[in-house]
Amino acid sequence: MNKKYDYNKFKRNRKAALVGAFWFIREKTHAIGQTAVEFRIRVQKRSQSIIEKEMGDGERES
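By the numbering used here, the letter at position 17 of the sequence shown is numbered 285, and the numbering carries on one by one without gaps.
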């Protein structure tokens, strides 16, 4: 192995890997957060429409 070990190249790659990992984790957690928010909004809308239906049925019955 007569090739000199290029420490700077390793350092660059390590930095790129760390940045990539950080970005990946941030994107994934953001995506999870977004889906959780969207799901919560969807559930609220669904429960709201159910409440409105029940109230509407109650008004029609009386």
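We treat Cβ as the ideally placed atom computed from N, Cα and C, and that holds for glycine.
Pairwise C-alpha distance: residue j and residue i
i: Ile-318; j: Phe-307; result: 16 Å
i: Arg-294; j: Lys-283; result: 16 Å
i: Lys-313; j: Leu-286; result: 40 Å
i: Gly-288; j: Lys-279; result: 14 Å
i: Asn-281; j: Phe-290; result: 14 Å
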